[in-house]
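Report on the structure given below.
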Amino acid sequence: MEYNLKSLLYSMLAVGLFSAMGCSKSSELGLSLVEQEQSDILFSDTSTLILTTKEADPIGTSGRSFMVCGAYTDAEWGESIASSYMNFRLNSTGASFPNSVLDSLVLSLAYESYGHYGELRVAKPTVTNQVWEIARVVEDIEEATTYNSDHVFMTDGNLLKSNFQFNPNDTAKVTIGGTEFAPHLRIRLDDQAGIDLAKTFLDPQGTATGIYESNTKFKDWFKGIHVRPASNNPTNGSIVRFKSKDALTKLTLYYTDTSNNGSVAKTFEFLTNEDAEVVSTFQHTHPVDLTDNLATDTLVYVQGLDGLHTKVEFPNVGNLGNVIINKAELVLMVADTGNNEFSEPIQLVAKIKNSSNELVVVDDIATSIGKYGSYFVFGGVLENIGNHKFVYRMLISEQMQALVDGTTPEKAIYLTLPSALDPERIKLINHQGVNKAKLYLTYTKIQ
């Protein structure tokens with residue numbers, strides 16, 4: 001429906017206000033007109049919307065301060081697998097280890113305190129046994145290069161660690177040699193390929209000679225590792241988040257120095273906190289009915305880890321004509337809030353495709369972050385409206401002005417999670433269901 005709210009002054013005053021205020025955005029002018037009670041201010045809640053579920057386009061996941069690994073599966077959403085590639089830097093250059101005997105080579109990964117998904121959210125440690133493996137990367141992970149979430153680096157067929165079984169616990173501190181450390185996962189690389197790598201670290205031979213002269217030479221020779229769910233048992237019930245740049249995320253070479261007939265336990269560390277790269281990758285196998293978008297469908301889906309996006313089209317907004325958007329609020333009703341293990345995202349964001357067909361945040365988010373350092377003005381936060389009902393409200397006034405003016409490649413936005421590494425998922429009611437998605441528009445006619 002559409003209402004005429006005011007019939008006082010007209011476009012000359014509107015143009016005068018525009019010139020006097022020097023507004024940088026049309027929505028700012030629109031808001032000022034509301035405050036000044038200008039003419040032909042209209043309201044509509046009947047705009048046509050079309051919501052569909054789309055497979056997410058892979059985006060960059062390299063250079064992040066955290067990484068993910070794990071897998072889960074269920075009948076409705078299908079299977080999701082996360083893994084991470086990473087390389088290391090030298091703790092110091094010029095290292096040498098004469099008269100030394102290998103003890104072990106251990107990979108440690110510092111747990112993040114949030115951002116896990118699945119059983120680890122509710123059980124610490126998990127009941128379900130996780131089964132992971134570590135492979136050696138044989139392809140360069142280039143510094144300052146953006147790698148998308150579907151990138152695959154070549155790995156050696158001989159695993160550094162196979163069939164590593166554990167029960168994640170991001171709250172349990174670890175005691176080593178009488179010293180207590182923050183929660184982290186420890187994986188001993190004791191398959192034959194792992195032992196051989198450790199021996200080469202301790203006594204470089206052949207092509208490995210000179211690897212301790214610089215980080216560049218070291219990374220040229222040892223290109224990194226791939227941490228992944230075991231290929232023969234990928235479904236572990238949890239996605240686990242780690243701190244990729246933490247001091248506890250590292251490779252540690254344990255050895256015994258036997259110089260002068262002694263026996264002194266020592267370590268040498270290969271670090272990740274700087275001059276090292278990490279890339280998280282995701283794979284999803286979705287049931288067909290999540291993305292077939294039948295005419296009878298009443299649900300759409302949003303899934304993190306570059307899984308699923310919801311596309312919201314506004315096919316008729318161009319018919320509004322010459323208008324200034326005072327306010328545009330998109331309201332989306334949640335169909336299912338999930339459960340404690342697989343909970344809903346607290347925050348959704350809206351993006352739009354630019355001229356390069358890349359997804360970027362809508363103007364309203366850019367403005368909100370620029371002015372307030374948060375999504376405060378935009379919204380998009382999960383809201384409990386009572387009676388076990390939840391909604392997301394998004395203010396998209398600036399972006400709606402661009403859609404109306406026809407300055408965007410398509411008249412649509414995409415609903416996603418804030419980060420590609422966020423694992424949450426949500427079901428929303430589309431434009432056909434009960435409590436369907438709605439766009440509430442307040443706008444001013446300009447002649």
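Per full-length UniProt numbering: the sequence shown = residues 1 to 447.
The C-beta atom is built at its ideal place from N, Cα and C for all residues, glycine as well.
- It is roughly 35 Å from the alpha-carbon of residue 392 to the alpha-carbon of residue 227.
- A residue is called buried when at least 16 other Cβ atoms come within 10 angstroms of its Cβ; residue 168 meets this threshold and is buried.
- Taking one beta carbon from each stretch, the segment 424-434 and the segment 293-310 have 3 or more pairs nearer than 8 Å; the two touch.
- Residue 409 holds the alpha-carbon nearest to the alpha-carbon of residue 360 among 319, 409, 77 and 325.
- Approximately 6 Å separates the beta-carbon atoms of residue 66 and residue 244; this is inside 8 Å, confirming the contact.
- When rounded, the separation of the alpha-carbon atoms in residue 440 and residue 41 is 13 Å.
- Under DSSP, the beta-bridge partners assigned to residue 336 are 427.
- In the DSSP secondary-structure assignment, residue 444 is bridged to 41 and 324.
- Relative to residue 397, the option among 318, 237, 327 and 83 whose CA is nearest is 327.
- Assignment of beta strand (DSSP E) within the segment 374-436, counting only whole runs of 3 or more residues, yields 379-386, 389-395, 412-416 and 425-429 in chain order.
- According to the DSSP secondary-structure assignment, residue 74 is paired through a beta bridge with 78.
- Counting only runs that start and end inside the segment 200-271, the alpha helix (DSSP H) elements of at least 4 residues fall at 215-221.
- Taking the C-beta atoms as reference points, residue 304 is found no nearer than 7 Å to residue 170.
- In this structure, the CA atom of residue 114 is about 9 Å from the CA atom of residue 121.
- By the beta-carbon neighbour count (other beta carbons within 10 angstroms, threshold 16), residue 278 is buried.
- Residue range 363-372 is occupied by the alpha helix (DSSP H) that includes residue 372.
- With contacts defined by Cβ atoms closer than 7 Å, residue 149 and residue 229 do not form a contacting pair.
- Contact annotation: the segment 129-137 does not touch the segment 88-98, with fewer than three C-beta pairs closer than 8 Å.
- Beyond the five residues adjoining it in sequence on each side, residue 202 comes within less than 7 Å, by CB distance, of 97, 100, 102, 253 and 255 in the same chain, given in chain order.
- Shown here, residue 294 sits in coil according to DSSP, grouped into three states, outside any helix or strand.
- When DSSP states are grouped into helix, strand and coil, residue 288 belongs to the helix group.
- In this model, residue 61 and residue 177 are separated by some 36 Å (Cα to Cα).
- Note on residue 139: under 16 other CB atoms within 10 angstroms of its CB, so exposed under the neighbour-count rule.
- By the CB criterion at 7 Å, residue 208 and residue 216 fall outside the cutoff.
- If you ignore the 5 residues before and after residue 154, its C-beta comes within less than 6 Å of the C-beta of 138 and 139, all in its own chain and listed in chain order.
- One alpha carbon belongs to residue 163, the other to residue 70, and they sit about 14 Å apart.
- When beta bridges are read from the DSSP output, residue 66 appears opposite 243.
- In the pairwise beta carbon analysis, the segment 404-418 is classified as not touching the segment 279-288: fewer than three pairs are separated by under 8 Å.
- Within a 10 Å sphere around the beta-carbon of residue 401 sit 16 or more other beta-carbons, which makes this residue buried.
- In its chain, beyond the 5 residues on either side, 184, 185, 242 and 249 have a beta carbon closer than 7 Å to the beta carbon of residue 109.
- Contact check for residue 317 and residue 404: beta-carbon distance about 5 Å, within the 8 Å limit, so the pair qualifies.
- In the assembly as shown, residue 280 is a buried residue. Its beta-carbon has 16 or more other beta-carbons within 10 Å.
- Per DSSP, reduced to three states, the secondary structure at residue 277 is coil, with no helix or strand assignment.
- Residue environment: residue 119 is assigned as buried (16 or more neighbouring CB atoms within 10 Å of its CB, all protein chains considered).
- Between the C-alpha atoms of residue 212 and residue 204 there is a straight-line separation of about 9 Å.
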